[in-house]
Each structure stands twice: as C-alpha cells, then as structure tokens.
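Residue numbers (the working numbering), protein chains in the order written: chain A, 40 to 118; chain B, 333 to 1053.
Even glycine gets a Cβ: it sits at the ideal position worked out from N, Cα and C.
If you want it as structure tokens, here you go:
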C-alpha cells in the first residue's frame, strides 16, 4: 500500500510521489512547490488534530488531513 | 490603445512577501483606492515620478502564480496584458525564495519587463542564506535588486533598475524553460486559436498565453474566454489524459526543474538552523499553551471592540448630539430644520459612529496578519470552522460580529475565496452584536424585573440564552448556506505559515486608515441616504389636525395661572405626545398599523411595529422610536416611564402586550432579524452587488419571524403568556 503524508512520523523526511487532490488543489500545491520529487517533512499537527504543517523548500505550509491523505510519499532515511 | 491611459507599473508578489510595505515605501503612503472592474477587489495605486516620466504604480493583490480559475485571480493577468502596462516589480521574500521565484519566472516568460525586488535580505542573511544576485539576474535576464522595504534600503537601486527596464530595448535573452516535446506540440496547435482571440498582443506572447490557457482553463469561472479557445484546450487536455499525461504537472515541474538548477547555482544556506520563528511556533501552536494564548488574544480583541471602543463611540454620539442642537438653534423650526437635524446630521453620525471599531479591528487584523499570527489563528481553529464549512480565517470576522457586523463584514477580506467570503459575510450578521444588547436590557427590565429561575435571575438566563442561540444559529446558517445558496467544494486549507515578524506601525496605520476611508465614502453614502429616507418615512405626511389640536392645548396651558415650571413641564409633555401622534400619522406609523395583523401572531402590536421600522436605522433606535410612539420623548433602555408604558400597553382585547412570552419573542426577533441598514450597506459594498444584501435581509427577516412565531405560539400552547 502507498504511504501518505499522514503515515509519516513527525520530523521524518520523505519525497513526494504523487498528488491526487483534484485538479485545482493539486495545481495549487504544485505551483507552491509541492511536486513529485520534492523533499518534505511533517513538522507539526494543529492542537485540535487538524490541519498539519509541512516543511518544504525552506518554508512552511499547512494542509488539512483530508488532503494530506491523498499525497503519497516515499520515506527517506532516518528521522 | 483605446483611452489614453497613463503608463503603469504593476507591483506583484506572494502574500506575506512585504509587497504592501514596498508599495508604501515607494509611494510615500499617498495612494488612492479604487476598484478593479467587475470584482470586489480594491485597486490601490499611487503616482510615481521616475525621471521625467509620471507613472501609475498599481498594487496587485498577493498571489503565488498567474494561473487563474476565478475572476479575482484573473485580474492579475488582465492587468499584465493591459496595453499601458510598461513593467512589473515582482517582490520576492528572500527567506522563502526557493518557492518565491516561481512567480517572477512566470512573469518573465510572459515577456513583460520585470524587476525583481529581493526583499528582507537582512532576515535572509540571519538564517545564513547567501544569494548571488548577479548570476540570478543573468539567468533570469532581469535585474535582481536586494532590498529591505521596512528600512527603505535598496529603493534607489530598485528605481534606477526600473527606469532602465522602461527604456525600449531589443528582445533580449529570456530564460528558456525546457518543456517536454509533446507539450510543445500541444502548444503549437493552440497558438493559432489564441492568436485569433488576441490579435493585438505581440506574436512572441501567444505561446505563453497558450501555456496559461492550458494551465488555467477547465473547472474555472474566468471571464471573456471565447468558446473556441475553451474547446481547443479541453480537446488537448482530453487527448493528453488518454495517453496518461498530466499537463499541469508537465508545465509546473518543467518550470521548477529550471528553477531548481538556477537556485542550486546561485544560493547556499549555511546549515538548517532552528530559527526563533520555529521556537515561537512551539509555544503558539502547543496544545495547551497555544490554545490558551489563542483564547487570550481573541478575548482581547473582542474586549477592545466591545468595551474599548465604547468611550470613542460615546464621544462621537455626544458630538453628533451637539451638532444637532447647534443646527436646531440656528435653523427656524420646520421641515428644513428636521431634515438637517434628524436626516443629514443624524445620517453622518450614523456613519462616523463606526469609525472607532473599524479602525481598531483593522489595526488588530493588520497586526495579526503582518506578524504571521493570523495564519496560526486559522491553523489552530480550522478544525472547528471546518465542521460548518467555513475557513479557519472566518474565525476573526465571526468573533468581531459580537461587537458589530459592519467591521466584521469588512474583515472577511482576509478570506481568499469569494464563495467562502460570501458564506461568512451572510452568516455573521446573526452574531448578537452590541446594538442588540440595549433591546435585551429594555425587554428584560420590562417583563422579567425581579423574577428568578431557580438560583439565577430570569433576565440573566434570558440574556445568556440569546448569546448562545446567536452562536448556534450563525454556525447553522453557515452550514446551510454552504449546502444551498452557495454550494461548492468545502473551502480548502492550503495556507502558508509565514515566519513571525514584527509589523511596522506605520503600515498598519496606513492600511487601517485606507479601509476606513473606503467605508466612509462608499458605505457611508448609502447609510446617509437611508437615514434621510427613514426620517422622511417616519415624519410625513404630517397631520394638520393634530398640529392644530396641540396648538390649542398649548395656548390653554400658556393662559392658565400655573407656575412657570409646571407650564414648561406641561408643554414638554404636550410636545412628546404630539410627536407620538404625528408619528402614528406618518407613512411609517400607518405601515406599522397595516402590518399589525402580521405582528399579532408573534405577540407584537402596531406600536412595536413602528419601533421595528425605526430600528432599521440601527437596532438601538428601536428604543428611542418607542419613546416617541408612547409620547414619552427621549428614552434609553433604562428609562422607567418607557418600561411602565410598555407594561401598561394593551391589545384591543385588553390583554397586556408585553408578557414574558412576547418579551422573549421580541428578543428572538431582534436577535435574528437584519434590523440594520449599515450592515446592508457594507454587504453591498463588500459583495459588489445588491443581490446579496437583499438576500441577507430577506432570509434573516423570514428566519426571525418564523422563530418568533414558534416561540410565541409554542409558548401559548404550553400555557405561558
């Protein structure tokens, strides 16, 4: 089974594999630099459990769990 | 081409990149605010003197890309392709420039001369970022100028680079993004169709425009795109999809591949260091500390709007009263005096009374936004807002609705998507604003005086219930609106968490002041007109018979042998009673009578009906209108004679009008009804059409009536009242 951003432990680096969030949102994420091959990690979960905060390309981006679940990743190395 | 528009330079950039700061630094704060045609987005611009030329500098709203799917996003491309656009200043936050270079690359591809202002170079240096701006300028074939907008550093260099870019020049080298061969073939088929659509754009730009169409069209609400272009794009996309290609991915990843190489060649970061922004976030988004601080900050804003603005509002009201007294003393009694005092001056007062709360709220929001905390507010509370189909950024406007819907509606501007903004704007007037409180107090004091429910006073229970009800109804309304009137995908939450920064007080002030000025001019005009209209409605026609009767009575009082003080008192009482009778005779008064059959089922009589009509000016006016209706004169919510008059009021069958049940019905009515022309005016301004305020007024009035009907009839069935 594919691993999504939600399966990543906090702080673990991963590489984006695919984005399946519908055309508009996928396009938006890609234009903000979240592309297949981009290195990313989950840095934080909001106090109420949703959304989550990602770190990529030297900046922070938050997305909801529903979207994060549709972004497949390949974990890289140790934490 | 068509009109002789003056040459313009656009200033664009990502949200949070310091674009407004740079714009204000370049323009010296002297900007004018207009509107982009067809969308409710402010167009802020200023005149810039560059050498011998006079140029209009236009502040384009923040964006991550030129790709558009809504008219709001389209305006950037429209501005870019206007024939008088001579160049673009693209502001890039140096600390996030790995992502931030996507926009300037797109701009440069489009062929317009671009100067890149690499902003916040001081902050970038602190995180150990080194950038070779000379090499970057070569690669992008456009000058990169390091600036620190907050400290006005690098502005001269920026302006001279801009001046150089404005000179006519040969088509220079452009960065050449390598797109896949299949995509080039697709573009080749699309270019002729685009050329036919835009014959006036230079041929060199047709390919770029075709690229923009491929990426933007489909599932969009863009304006002015011809059908054959749409058809061509959808054909290309369909056949690409058949072969398993993702066009969006091809275009965007080709650009980022080019960017990644350029970035690797020109910049280095000395080790990822844990910045203080990250350390602040550990506290501010902590499950316990974060939520506590969130609660304190929100309560602080609420308290400031609710209580802090009170002395200023009181001062404005005193000033309005003073001006009214002055005008009344100068002008001869009569229609003209009434028009000036009760129409014009009262109308201007009705407008400027909002100034303190608008200024305060926008100073707060500006601080939250520029400091980076507003993104965290949305991050912390989004889970709750998501449940009713709202965006995390809807929280601050909703909370502000407890104080006053007018600034709160204006605050919905922080919400990006129009649909999300409209849902928030249409639901938040249901929050129990501070103007409803005097009405609750009057009703509670009239029907629940001294009564108790168990340990609590009945009045406290009633008040608490009103506020709870208002929150529940607001959230329910948002959920229903989202599913019915404004259907569509739930708001997505893709939000950059910008680094924390200390906002500049000057910028906060300039922006808040600009917002206030726009309100005073645009919404203010509507409010003033409505005040005058309402005054006329409640003043005309006057009954000559009533005037004569009271003139006779006055003469009798004057001729009587009683003392001067008792004469004055008697005259004052006569004035108040005459005002009441004249009001009953006016159009508004007759209308109150006419709608009494409709009001009876919810427990009101015609006098309360007239009060409700008067209260359209502002809810609290209900009380002073009732004061006139009952012939008491000036009255506030603590006024004992008014409370007594209300208790003594009887229906035609002799039953009392104000019972605890009809009191609750009245409070529920005022809680839910849109009894506020200023809200109407500001929703008109912020939504860009009369359609939405009319809808708002209608749904709230129907909701209020049905709820009051349920309360009153249900209560009677249960044996109350």
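Q | DSSP-derived helix/strand/coil call for residue 52 of chain A | A | Judged by DSSP in its simplified three-state form, residue 52 of chain A adopts strand.
Q) What does residue 574 of chain B touch in chain A if you count any residue whose Cβ is under 9 Å from its own? A) By Cβ distance, chain A contributes nothing, its closest Cβ being about 16 Å from residue 574 of chain B, past 9 Å.
**Q.** 4-residue-minimum alpha helix (DSSP H) runs that sit fully inside the stretch 352 to 427 of chain B, ordered along the chain
**A.** DSSP runs (the alpha helix (DSSP H)) wholly in the stretch 352 to 427 of chain B: 403 to 413.
Q. Nearest to residue 696 of chain B by alpha carbon, out of B:654, B:673, B:633 and B:657?
A. It is B:633.
Q. Chain B partners of residue 92 of chain A, CB-CB under 9 Å?
A. 613, 617, 711 and 829, listed in chain order.
Q | Closer than 8 Å to chain A by CB, residue 431 of chain B | A | At least one C-beta of chain A is nearer than 8 Å to the C-beta of residue 431 of chain B.
Q. Are the C-beta of residue 825 of chain B and some C-beta of chain A separated by less than 8 Å?
A. At least one CB atom of chain A sits nearer than 8 Å to the CB of residue 825 of chain B.
Q: Could you give the DSSP three-state label for residue 770 of chain B: helix, strand or coil?
A: Collapsing the DSSP output to three states places residue 770 of chain B in a helix.
Q) Roughly how many whole angstroms lie between the Cα atoms of residue 962 of chain B and residue 1017 of chain B? A) Those two C-alpha atoms are separated by around 36 Å.
Q.
Count Cβ pairs between the stretch 864 to 877 of chain B and the stretch 719 to 733 of chain B that sit closer than 8 Å; are there 3 or more?
A. Because the criterion of three Cβ pairs below 8 Å is not met, the stretch 864 to 877 of chain B and the stretch 719 to 733 of chain B do not touch.
**Q.** Spatial neighbours of residue 612 of chain B in its chain, beta-carbon cut-off 7 Å, leaving aside the 5 residues before and after
**A.** Within the same chain, residue 612 of chain B has close Cβ partners 832.
Q | Residue burial classification, residue 664 of chain B (beta-carbon count within 10 angstroms, cutoff 16) | A | For residue 664 of chain B, the number of other beta carbons within 10 angstroms of its own is below 16, and it is reported as exposed.
Q) Where DSSP assigns a beta bridge to residue 979 of chain B, which residues make up the other side? A) Answer is none; residue 979 of chain B lacks a bridge partner.
Q | Contact set between residue 66 of chain A and chain B, taken where Cβ atoms lie within less than 8 Å | A | Simply 399, 547, 580 and 584.
Q) I think residue 69 of chain A touches residue 580 of chain B, with their Cβ atoms under 8 Å apart; what is that distance to the nearest whole Å? A) Taking 8 Å as the upper bound for CB-CB distance, residue 69 of chain A and residue 580 of chain B are in contact here, some 7 Å apart.
Q. Nearest to residue 481 of chain B by CA position, among B:915, B:451 and B:900, is which residue?
A. It is B:451.
Q. Using CA coordinates, which residue listed in B:939, B:1036 and B:440 is at the minimum distance from residue 988 of chain B?
A. Comparing alpha carbon positions, the residue from B:939, B:1036 and B:440 closest to residue 988 of chain B is B:939.
Q. How is residue 101 of chain A classed by DSSP in three states: helix, strand or coil?
A. Correct three-state label for residue 101 of chain A: strand.
(Q) Comparing C-alpha positions only, which one of B:352, B:692 and B:826 sits nearest to residue 66 of chain A? (A) Closest option to residue 66 of chain A, judged by alpha-carbon separation, among B:352, B:692 and B:826: B:826.
Q: Out of B:908, B:703 and B:772, point me to the one whose CA is closest to residue 834 of chain B's CA.
A: Nearest option by C-alpha distance: B:703.
Q: Within 10 angstroms of the Cβ of residue 966 of chain B, are there 16 or more other Cβ atoms? Answer buried if so, exposed if not.
A: Result: exposed.
Q) Thinking C-alpha only, which one of B:764, B:727 and B:712 is nearest residue 737 of chain B? A) Residue nearest to residue 737 of chain B within the set B:764, B:727 and B:712 is B:764 (criterion: CA-CA distance).
Q) According to the neighbour-count rule (16 or more other Cβ atoms, all chains shown, within 10 Å of its Cβ), is residue 333 of chain B buried or exposed? A) Only weak support exists for where residue 333 of chain B lies, its pLDDT of 39 falling under 50; the value from the coordinates is given anyway. By the neighbour-count rule (16 or more Cβ atoms within 10 Å), residue 333 of chain B is not buried but exposed.
Q. Is it true that the stretch 609 to 624 of chain B meets the stretch 72 to 86 of chain A, where meeting means three or more beta-carbon pairs spaced less than 8 Å apart?
A. In short, these stretches touch, since the Cβ pair count reaches three.
Q) Name the chain A residues whose beta carbon is nearer than 7 Å to that of residue 420 of chain B? A) Neighbours of residue 420 of chain B in chain A, taken as residues at a C-beta separation under 7 Å, are lacking, since the least C-beta distance is about 18 Å.
Q) Span of the beta strand (DSSP E) holding residue 449 of chain B? A) Note, residue 449 of chain B: beta strand (DSSP E), 446 to 451.
(Q) What residue range does the beta strand (DSSP E) around residue 84 of chain A cover? (A) Its beta strand (DSSP E) spans residues 78 to 84.
Q | Paired residues, beta bridge with residue 495 of chain B - DSSP | A | When DSSP reads this structure, residue 495 of chain B sits in no beta bridge, so it has no partner.
Q: Determine, using beta carbons only, whether residue 712 of chain B and residue 622 of chain B come nearer to each other than 8 Å.
A: Yes, the Cβ-Cβ distance between residue 712 of chain B and residue 622 of chain B is below 8 Å.
Q | Residues of the stretch 715 to 727 of chain B whose Cβ lies closer than 9 Å to any Cβ of chain E, in chain order | A | In the structure shown, chain E cannot be found, because the protein chains are A and B.
Q: Check the Cβ-Cβ distances between residue 113 of chain A and every residue of chain B, and say whether any is below 8 Å.
A: Closer than 8 Å: no.
(Q) Rounded to whole angstroms, what is the Cα-Cα separation between residue 917 of chain B and residue 942 of chain B? (A) Using only the alpha carbons, I get a separation of about 11 Å.
Q: May I ask which residues mark the beginning and end of the beta strand (DSSP E) holding residue 114 of chain A?
A: That run of the beta strand (DSSP E) goes 110 to 114.
Q: List the DSSP bridge partners of residue 93 of chain A.
A: A:81 and A:100.
Q.
Once DSSP output is grouped into helix, strand and coil, what is the label at residue 933 of chain B?
A. In the structure shown, residue 933 of chain B falls within a helical segment according to DSSP collapsed to helix, strand and coil.
Q: In the DSSP assignment, find the unbroken beta strand (DSSP E) run with residue 577 of chain B in it and report its ends.
A: For residue 577 of chain B, no beta strand (DSSP E) segment is defined, and its DSSP state is neither H nor E.
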